[in-house]
Amino acid sequence: MRLDDRLKNRQENRRIKKDKKRKQMRNLLIGTVLVVSISVSIAYFSLSKNHNVNANTAKISSDINESKENAFSDIPIGYKKVNKTAFVFSSTEDNPKNLLTLNEGEYVEFLGSEKGWSKIKHKGQVGYVENSNLNSTKDNELKIIKGQLIVTKDYVIPNDFETTFDVETENAMLVMFEAMKREGLELGVSKKYISSDEETPKVEKQKYVLPLIEQNELRTGKAIEVNIPNGATRVDFSETKEGKWLAENAYKFGFILRYPANKQDITGFISNQYIYRYVGSEVAKEMHDSDLTIEEYFK
């Protein structure tokens, strides 16, 4: 082989080796880029997924909290005032039964709100009315604490609030009076409910006063003022057989003495041994056993 041919072969071999090395470097570079791209994609997908999961979790948590805040309840949360004539329905589903009609200015017990509907109780019936038909009351009016309507020096009944004697309270009273009769005792009722038209007697130069009409428990429909039929009016009721029996047993039937003599500093009102408030037997027992007034128990 001539010298020229050998030189050409060597040059060709060198060129082939260089091309081969360039191809290897290019393939390596492409592989590296692919690996990096795939890693970035995986990382982005993972972050995106975590973000969505967290967002969904937050949304579910938010929905749960909103549900807790607005969920329908079986216990009164407060009162609402009707702002126009409205219908109360048996449910929030399609084609519900019309239970009753609310008139503008009436007050209803409020038991929660969901999806534009309020659950209410009125005249012994529970139903649903659109939120737009109801207005909120003032913070210090018709205050509900632990499901109970609270009336104190600070929490009052508005003058236009009207109700009737509560059925549950009346039934408990009748059972209690029957228990007294079995022991040869008898009580009557002077008052079950008073309206805003009744005037509060004036008590001059006293540290403690009588409740004003807007502070009077007898406005709630859940209190009674008792008396002894044909009994003397100028007696210390707490020292009578009937008074002692009530002091020892009224809580068993869900009643508590509203204005006890030893709690005038707490209630802010003159002691009255004749007025009993119905709160239910469970609450009444707790209050009785701990010697608490409404002001102390329903803080």
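When the count follows the working numbering, it moves up by one through the sequence shown with no breaks and lands on 679 for the last residue.
A virtual CB, placed ideally from N, CA and C, is assigned to each residue, including glycine.
Taking Cβ to Cβ, would you say residue 656 is nearer than 7 Å to residue 649?
Residue mapping note: residue 656 aligns to position 276 of the sequence shown, counting from 1. Residue mapping note: residue 649 aligns to position 269 of the sequence shown, counting from 1. Going by C-beta atoms, residue 656 is not nearer than 7 Å to residue 649.
Tell me, which residues are paired with residue 515 by DSSP?
In the sequence shown, residue 515 corresponds to position 135, counting from 1. According to DSSP, residue 515 shares a beta bridge with 461.
Straight-line CA distance for residue 675 to residue 530?
Taking the first residue of the sequence shown as position 1, residue 675 is located at position 295. Taking the first residue of the sequence shown as position 1, residue 530 is located at position 150. Their Cα atoms are separated by approximately 9 Å.
Straight-line CA distance for residue 622 to residue 485?
Mapped onto the sequence shown, residue 622 falls at position 242. Mapped onto the sequence shown, residue 485 falls at position 105. Residue 622 and residue 485: Cα-Cα distance of roughly 41 Å.
Taking residue 597 as the reference, give the member of 615, 488 and 576 with the closest Cα.
The residue given as residue 597 occupies position 217 in the sequence shown. Closest option to residue 597, Cα to Cα, is 576.
Residues bridged to residue 509 by DSSP?
If you number the sequence shown from 1, residue 509 lands on position 129. 498, per the DSSP bridge assignment.
By the 10 Å Cβ neighbour count, where 16 or more other Cβ atoms means buried, how is residue 516 classified, buried or exposed?
Numbered from its first residue, the sequence shown carries residue 516 at position 136. Around the CB of residue 516, fewer than 16 other CB atoms lie within 10 Å, so the residue is classed as exposed.
Sub-7 Å separation of residue 537 and residue 599 beta-carbons
Looking up residue 537 in the sequence shown gives position 157. Looking up residue 599 in the sequence shown gives position 219. Closer than 7 Å, so yes.
Inspect the beta-carbon positions of residue 664 and residue 646 and report whether they are closer than 7 Å.
Translated into the one-based positions of the sequence shown, residue 664 becomes position 284. Translated into the one-based positions of the sequence shown, residue 646 becomes position 266. 7 Å or more divides the Cβ of residue 664 from the Cβ of residue 646.
Cβ neighbour criterion (16 or more within 10 Å) applied to residue 641
What you label residue 641 is simply residue 261 of the sequence shown in a count that begins at 1. Classification for residue 641: exposed.
Look at residue 634 and residue 601 and say whether their C-beta atoms are less than 7 Å apart.
Here residue 634 refers to the residue found at position 254 when the sequence shown is read from its first residue. Here residue 601 refers to the residue found at position 221 when the sequence shown is read from its first residue. No, the pair does not count as a contact, with Cβ atoms beyond the cut-off.
Which word fits residue 680, buried or exposed, when buried means at least 16 other C-beta atoms lie within 10 angstroms of its C-beta?
The question about residue 680 has no answer here: the residues shown for the chain are numbered 381 through 679.
Please return the same chain residues whose Cβ sits closer than 8 Å to the Cβ of residue 539, not counting the five positions on each side in sequence.
Working through the sequence shown from its first residue, we reach residue 539 at position 159. Excluding residues within five positions, the ones whose Cβ falls inside 8 Å are 576, 593 and 594.
What is the DSSP secondary structure of residue 588, counted as helix, strand or coil?
What you label residue 588 is simply residue 208 of the sequence shown in a count that begins at 1. It is coil, neither helix nor strand.
Same chain, Cβ closer than 7 Å to residue 609, five either side skipped, listed in chain order:
Counting from 1 along the sequence shown, the entry for residue 609 is found at position 229. Excluding positions up to five away in sequence, the list reads 566 and 568.
Look at the alpha carbon of residue 555 and the alpha carbon of residue 488, and state the distance between them as a whole number of angstroms.
One-based indexing of the sequence shown puts residue 555 at position 175. One-based indexing of the sequence shown puts residue 488 at position 108. Going from the Cα of residue 555 to the Cα of residue 488 covers about 28 Å.
Which value, in whole angstroms, describes the spacing of the CA atoms of residue 631 and residue 474?
The residue given as residue 631 occupies position 251 in the sequence shown. The residue given as residue 474 occupies position 94 in the sequence shown. One alpha carbon belongs to residue 631, the other to residue 474, and they sit about 44 Å apart.
Beta strand (DSSP E) containing residue 481: first to last residue?
Residue numbering aside, residue 481 sits at position 101 when the sequence shown is read from its first letter. Counting along the chain, the beta strand (DSSP E) containing residue 481 begins and ends at 478–482.
Cut-off 6 Å between Cβ atoms - residues of its own chain near residue 434, not counting five sequence neighbours on either side
As a position in the sequence shown, residue 434 is number 54, starting the count at 1. Confidence is the limiting factor: at residue 434 the pLDDT is only 43, short of 50, which leaves the residue's position unreliable, though a coordinate-based value still follows. Same-chain partners within the cutoff: there are none.
Hey, would you say residue 464 sits closer than 7 Å to residue 511, going by beta carbons?
For the purposes of this step, residue 464 is identified with residue 84 of the sequence shown, where counting begins at 1. For the purposes of this step, residue 511 is identified with residue 131 of the sequence shown, where counting begins at 1. The answer is no: Cβ separation not under 7 Å.
Same chain, Cβ closer than 7 Å to residue 471, neighbours up to 5 away in sequence not counted:
Taking the sequence shown and counting its residues from 1, one reaches residue 471 at position 91. Counting only residues of its own chain and dropping the five nearest sequence neighbours on each side, residue 471 has a CB closer than 7 Å to the CB of 508.
Name the DSSP bridge partner or partners of residue 657?
Here residue 657 corresponds to residue number 277 of the sequence shown, with the count starting at 1. 603 and 636.
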